[in-house]
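All the letters of the sequence shown, read from the start, carry residue numbers -16 to 58 under our numbering.
Report on one structure; see the data block that follows.
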Amino acid sequence: MARAHRRPPRAGVEWEFETMTLPRDFSRNVVTRMLVERAEHGGWELDRLRIGNDGVRRVVLRRKIIRQRLTLFAG
């Protein structure tokens, strides 16, 4: 149902992307609740939402990849 992948970085920002395919029998309210849940607890934001002719929703979510820098302390 969901698949995470990475795209090449642009201008120093790296994003992680997740693709979800939601069947047509999910109501608009159910889809909204699912996306809000992903946003609040996973840090995802909506990148793209497409509704096909067959009613299937294809959702692409994204979130920033935060890298920690290694710091060395001389002590």
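Glycine residues also receive a C-beta, built at the ideal position from the N, C-alpha and C atoms.
If you run the structure through DSSP and keep just helix, strand and coil, what is E(-3)?
-> In this structure, E(-3) counts as coil in the three-state DSSP scheme.
Coil, strand or helix - R31 by DSSP
In this structure, DSSP gives R31 an extended state, which the three-state scheme calls strand.
* Asked: Cα separation between W27 and V(-4)?
  -> Within the model, the alpha-carbon separation for W27 versus V(-4) is close to 15 Å.
From M17 to I48, what distance separates their C-alpha atoms?
-> So the two alpha carbons sit approximately 22 Å from each other.
Check your understanding: Could you give the residue range of the alpha helix (DSSP H) that holds G26?
Key -> From DSSP, G26 is part of no alpha helix (DSSP H); its letter is neither H nor E.
Would T2 and R41 be called neighbours here (beta carbons separated by less than 9 Å)? The beta carbons of T2 and R41 sit closer together than 9 Å.
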